[in-house]
Amino acid sequence: MTVLMCALVVTSATAGESPQFRGPHRDGRFDEQGLLKTWPENGPPMLWMVRGLGNGYSSPSVAGGKIYVPGMIDPSTAGIFVIGLDGTIERKISLGAETNDSQAPGPRSTPTIDGDKLYMLSGLGEVCCIDIPTGEKRWTVNILERFVGPNIMYTLAESLLVDGDRVICTPGGPDASLVALNKNTGETVWTMKGFTDPASYCTPIIYPHNGRRLLVTETANFLVCGDADTGQFLWKVEHLTRDGIHACTPLYMDGLIYYTGGYKAGGGVVRVSADGTSVEPVWKDETLDCQHHGVVLDKGYIYGTSHMLGNHLICMDMKTGKVMWTTEEVLQGVVEYADGMLYIYEGPKRGLVHLVEANPESFKHAGQFAVTEGDGKHWAHPAIANGTLYIRHGDVLLAYDLRAKH
Numbered sequence: 309m310t311v312l313m314c315a316l317v318v319t320s321a322t323a324g325e326s327p328q329f330r331g332p333h334r335d336g337r338f339d340e341q342g343l344l345k346t347w348p349e350n351g352p353p354m355l356w357m358v359r360g361l362g363n364g365y366s367s368p369s370v371a372g373g374k375i376y377v378p379g380m381i382d383p384s385t386a387g388i389f390v391i392g393l394d395g396t397i398e399r400k401i402s403l404g405a406e407t408n409d410s411q412a413p414g415p416r417s418t419p420t421i422d423g424d425k426l427y428m429l430s431g432l433g434e435v436c437c438i439d440i441p442t443g444e445k446r447w448t449v450n451i452l453e454r455f456v457g458p459n460i461m462y463t464l465a466e467s468l469l470v471d472g473d474r475v476i477c478t479p480g481g482p483d484a485s486l487v488a489l490n491k492n493t494g495e496t497v498w499t500m501k502g503f504t505d506p507a508s509y510c511t512p513i514i515y516p517h518n519g520r521r522l523l524v525t526e527t528a529n530f531l532v533c534g535d536a537d538t539g540q541f542l543w544k545v546e547h548l549t550r551d552g553i554h555a556c557t558p559l560y561m562d563g564l565i566y567y568t569g570g571y572k573a574g575g576g577v578v579r580v581s582a583d584g585t586s587v588e589p590v591w592k593d594e595t596l597d598c599q600h601h602g603v604v605l606d607k608g609y610i611y612g613t614s615h616m617l618g619n620h621l622i623c624m625d626m627k628t629g630k631v632m633w634t635t636e637e638v639l640q641g642v643v644e645y646a647d648g649m650l651y652i653y654e655g656p657k658r659g660l661v662h663l664v665e666a667n668p669e670s671f672k673h674a675g676q677f678a679v680t681e682g683d684g685k686h687w688a689h690p691a692i693a694n695g696t697l698y699i700r701h702g703d704v705l706l707a708y709d710l711r712a713k714h
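Residue numbers (our numbering): 309 to 714.
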């Protein structure tokens, strides 16, 4: 394991963390301010680089002054590397068995940090609660075994949702496609009865709606919604794609829910009834078929990259579905947002990182650089925290300084 220091001083952490997949709100938006609006020719300065993290496509989670990155060093077991904000590997927490798929070996789920506990899902279905100070497992549950769910083509990959005293996940079992576990014990709190569909790769999210909290995700064949507090099944919308592959967390705005899928599945928007128990279609889309790179919402506009419907960056009006602009300057990749700007990490092969203004009027490119360190596909979603962009590529984690200098 080696660390390359690219700056003499790394400033102390500022406000802002990324304790779970796609940021503090699970929606690809990061609570950072004072970031660069344009990049130098070679991109923002690299602070440091650390090697030796093993195989995996998990995102880094950043909380409590530490960075948590899952990886698999040997062919059968995985761990979580605990890294300081200066890029020093401090220790490794053992996770146990993990998937060793030849196309994408290693962990895919991103750890969810909740205080001094860490929650993680393996591709083999094991949910574990880890005590961060000691590195010991408080409890483990194999959700495929407990809830009789089938594993899926590329194995489970969602990132766990910690909601109050519960952990919500998607085993895809009979009357248990979605379930809630007690976060302190692993005991079952509720299962979503009345709905059965295999899991997919989508990370669930909760949206408040007229006093009700909607639990929304995509399973193999449906956009599905339940009551987050009780697990009551509320409604579903059929959404078919190749091999049941759905990996994009839906977006919500003013009673509208947007969903999308790759392989030319496209997506659309539905309007949720006032009480949350039903939906009606608003528009359908055959322009943006986001595969697994995520979409973001800013001021009523959706930004994402298409898969088989053009392989480029798109801006759409969420209310109407109108395409505001498209560009072939930015190809398929992860899309995230911070401080008025879009961050796009192209994959699987190019590894270009773009800075683009979040502007529905026109495409405004503000800089780019290439990730040349590490190996394998450029699939892991970056994290932005403490004014720093963290990018995981294979067994390497890179940190870039995004802060504007005054």
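From the three backbone atoms N, C-alpha and C, an ideal C-beta is built for every residue, glycine too.
Output needed for residue i: all residues of its chain with C-beta closer than 6 angstroms, excluding positions within five of it in sequence on either side, in chain order.
i	result
alanine 528	Asp505, Pro506, Ser508, Gly552
proline 327	Ser369, Ala371, Ile421
threonine 511	Phe329, Glu466, Ser467, Thr557
glutamate 588	Arg579
alanine 315	Its pLDDT being 33, under 50, alanine 315 is placed unreliably by the model, and nothing is read from it.
asparagine 450	Gly433, Glu434
isoleucine 652	Val638, Gly641, Val643, His662
leucine 426	Pro419, Ile438, Ile440
leucine 522	Tyr515, Cys533, Gly584
lysine 592	Gly576
glycine 659	Ala678, Val679, His686
Can you grab the Cα-Cα spacing for the pair residue i / residue j, in whole Å?
i	j	result
serine 670	isoleucine 622	11 angstroms
glycine 682	arginine 416	17 angstroms
glycine 494	histidine 673	47 angstroms
threonine 680	methionine 357	12 angstroms
methionine 354	glycine 695	12 angstroms
alanine 573	histidine 686	23 angstroms
glycine 729	proline 441	This structure cannot settle anything about residue 729, because the visible part of the chain is limited to 309 through 714.
leucine 469	arginine 334	9 angstroms
valine 661	threonine 595	23 angstroms
glycine 539	alanine 488	8 angstroms
asparagine 720	cysteine 437	The structure shown does not extend to residue 720, since the chain is modelled only from 309 to 714, so the question has no answer here.
lysine 501	leucine 697	41 angstroms
alanine 707	arginine 359	12 angstroms
glutamate 526	leucine 361	30 angstroms
threonine 478	asparagine 619	29 angstroms
glycine 648	alanine 691	16 angstroms
glutamine 411	tryptophan 447	30 angstroms
For a quick check, are the C-beta atoms of residue i and residue j less than 9 angstroms apart?
i	j	result
proline 419	serine 384	no
alanine 693	glutamate 398	no
glycine 379	glycine 364	yes
glycine 443	isoleucine 391	no
alanine 712	lysine 345	yes
leucine 403	isoleucine 388	yes
tyrosine 462	aspartate 409	yes
glycine 612	threonine 568	yes
isoleucine 513	valine 497	no
glycine 602	histidine 547	no
tyrosine 560	aspartate 597	no
Can you list, in chain order, the residues of its chain with a C-beta nearer than 8 angstroms to that of residue i? Leave out the 5 residues immediately preceding and following it.
i	result
proline 348	Gly675
aspartate 583	Asn518, Arg520
glutamate 453	Gly433
tyrosine 609	Cys623, Met624, Asp625, Met626, Met632, Ala666, Pro668
asparagine 350	Phe677
tyrosine 645	Gly336, Arg337, Phe338, Val604, Asp606, Tyr611, Tyr651, Ala666
Determine the burial state of residue i: buried for a count of at least 16 other Cβ atoms within 10 Å of its Cβ, exposed for fewer.
i	result
alanine 405	exposed
glycine 534	buried
lysine 544	buried
serine 614	buried
threonine 557	buried
arginine 700	buried
arginine 550	exposed
histidine 600	buried
valine 456	exposed
threonine 407	buried
lysine 607	exposed
aspartate 709	buried
glycine 342	exposed
valine 317	Here the model assigns valine 317 a pLDDT of 26, short of 50, so the residue's position is not dependable, and the following value carries that caveat. Valine 317 should be labelled exposed.
aspartate 473	exposed
aspartate 703	buried
aspartate 424	exposed
glutamate 340	buried
proline 656	exposed
Short of 7 angstroms in beta carbon distance, which residues of its chain neighbour residue i, apart from the five on each side in sequence? Order them along the chain.
i	result
glycine 563	His517, Arg579, Val580
phenylalanine 503	Ser485, Val532, Phe541, Lys544
proline 482	Val456, Thr504
For residue i, decide whether its Cβ has a neighbour in chain D, counting only Cβ atoms nearer than 9 angstroms.
i	result
isoleucine 375	Reference to chain D is not applicable here, since this structure consists of a single protein chain.
For the ligand FAD, I want to know if residue i counts as a neighbour, meaning its beta carbon is within less than 8 angstroms of at least one of the ligand's heavy atoms.
i	result
leucine 344	Ligands in the displayed structure: none, and consequently the ligand FAD is not present.
So within the region 444 to 495, which uninterrupted alpha helix (DSSP H) runs reach at least 4 residues, ignoring any that extend past its ends?
451 to 454
In chain order, which continuous runs of the beta strand (DSSP E) of length 3 or greater are located wholly inside the region 588 to 662?
604 to 606, 609 to 613, 621 to 625, 631 to 635, 641 to 646, 649 to 654
Can you list the beta strand (DSSP E) stretches of 3 or more residues lying completely in the region 490 to 532, in chain order?
496 to 499, 513 to 517, 520 to 526
Mind listing, in chain order, the continuous beta strand (DSSP E) runs of no fewer than 3 residues lying wholly within the region 393 to 451?
397 to 405, 420 to 422, 425 to 429, 434 to 439, 444 to 450
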